[in-house]
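*Asks:* The structure under discussion is supplied below as structure tokens; questions concerning it will follow.
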Amino acid sequence: MKCSDTGGTTATATNSADSSSSSRPTPAIVASPCAACKILRRRCAETCVLAPYFPPSEPLKFTIAHRVFGASNIIKFLQELPECQRADAVSSMVYEANARIRDPVYGCAGAICQLQKQVSELQAQLAEAQADLFNMQCQQANLVAFICRGMAQPPPLVDDSQMGSPHSSHDPCFIDDTNNLSSPWEKALWA
Numbered sequence: 002m003k004c005s006d007t008g009g010t011t012a013t014a015t016n017s018a019d020s021s022s023s024s025r026p027t028p029a030i031v032a033s034p035c036a037a038c039k040i041l042r043r044r045c046a047e048t049c050v051l052a053p054y055f056p057p058s059e060p061l062k063f064t065i066a067h068r069v070f071g072a073s074n075i076i077k078f079l080q081e082l083p084e085c086q087r088a089d090a091v092s093s094m095v096y097e098a099n100a101r102i103r104d105p106v107y108g109c110a111g112a113i114c115q116l117q118k119q120v121s122e123l124q125a126q127l128a129e130a131q132a133d134l135f136n137m138q139c140q141q142a143n144l145v146a147f148i149c150r151g152m153a154q155p156p157p158l159v160d161d162s163q164m165g166s167p168h169s170s171h172d173p174c175f176i177d178d179t180n181n182l183s184s185p186w187e188k189a190l191w192a
């Protein structure tokens, strides 16, 4: 796999005095050691594999990764990868180490499982809300249709036989008994 060199760069050190006499240059000592070398209490050379990924300003980053994976495993892993993938690998190792420290049993898998559960719960809530919204829209459409239908229908027509008298003879609520006053007290009451 080929990739462009976008990761951290390490300079090869050459000692100008020794370059003519020996075939192998000695690494120069860096003024400020990287966080990894500082924690491991060793000298940090310019060819340090860990220096570009664990700067001196971020010692906690290496401490967390070292606690879970170990320094030799981190170095071995980084040496096997092309330079363009090392920064992502270090970021992944630090993330996995953080997750493993928080949840020693499941690590990242526990966080992923929890997030998937949360996503499925939210999807169920969304589906329920969409169903409620659809029901309300249907109810509103039915109500609007009912109102429009009611406004479009003409009022009921009245029979011509009912127009002559104010009360219909077929109306059971009104009894026309003005001619059927039989007792004298009823006549006095209605007179």
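To convert, count from 1 in the sequence shown and add 1; that's the numbering used here.
Ideal Cβ positions, reconstructed from N, Cα and C, are used throughout, including at glycine.
1) Is Cys45 closer than 9 Å to Ser33 when the C-beta atoms are compared?
2) Thr64: which of Lys77, Ile102 and Gly111 sits nearest, CA to CA?
3) Excluding the five sequence neighbours on either side, which residues of its own chain have a C-beta within less than 8 Å of the C-beta of Gln80, listed in chain order?
4) The alpha helix (DSSP H) spanning Ser121 covers which residue range?
5) Please classify Ala46: does DSSP put it in a helix, a strand, or coil?
6) Just verifying my parser: in three-state terms, what is the DSSP assignment at Glu97?
7) So, are the CB atoms of Lys62 and Ala36 less than 9 Å apart?
8) For the alpha helix (DSSP H) containing Pro53, list its first residue and its last residue.
9) Quick check on DSSP: helix, strand or coil for Glu59?
10) Using three-state DSSP, classify Cys38 as helix, strand or coil.
11) According to the neighbour-count rule (16 or more other Cβ atoms, all chains shown, within 10 Å of its Cβ), is Met152 buried or exposed?
12) Assign Leu79 to one of three DSSP states: helix, strand, or coil.
*Replies:* So, from the data block:
1) For the purposes of this step, residue 33 is identified with residue 32 of the sequence shown, where counting begins at 1. For the purposes of this step, residue 45 is identified with residue 44 of the sequence shown, where counting begins at 1. Taking 9 Å as the Cβ cut-off, Ser33 and Cys45 qualify as a contacting pair.
2) Start at 1 with the first residue of the sequence shown, and residue 64 comes out as number 63. For the options Lys77, Ile102 and Gly111, the alpha carbon positioned closest to that of Thr64 is the one of Ile102.
3) Indexing the sequence shown from 1 puts residue 80 at position 79. Val50.
4) Start at 1 with the first residue of the sequence shown, and residue 121 comes out as number 120. Note, Ser121: alpha helix (DSSP H), Cys109 to Ala153.
5) Translated into positions along the sequence shown, residue 46 becomes position 45. The DSSP-derived three-state label of Ala46 is strand.
6) Position 96 of the sequence shown, counted from the first residue, corresponds to residue 97. Correct three-state label for Glu97: helix.
7) In the sequence shown, counting from the first residue as 1, residue 62 sits at position 61. In the sequence shown, counting from the first residue as 1, residue 36 sits at position 35. Yes, they are a contact pair.
8) Taking the first residue of the sequence shown as 1, we reach residue 53 at position 52. Element bounds for Pro53: n/a, residue is neither H nor E.
9) The sequence position of residue 59 within the sequence shown is 58, counting from 1. Glu59 falls in the coil class under three-state DSSP.
10) Walking along the sequence shown from the start, residue 38 turns up at place 37. DSSP places Cys38 in helix when its eight states are reduced to three.
11) Walking along the sequence shown from the start, residue 152 turns up at place 151. Exposed, by the Cβ-count rule.
12) Taking the first residue of the sequence shown as 1, we reach residue 79 at position 78. Note: Leu79 maps to helix in three-state DSSP.
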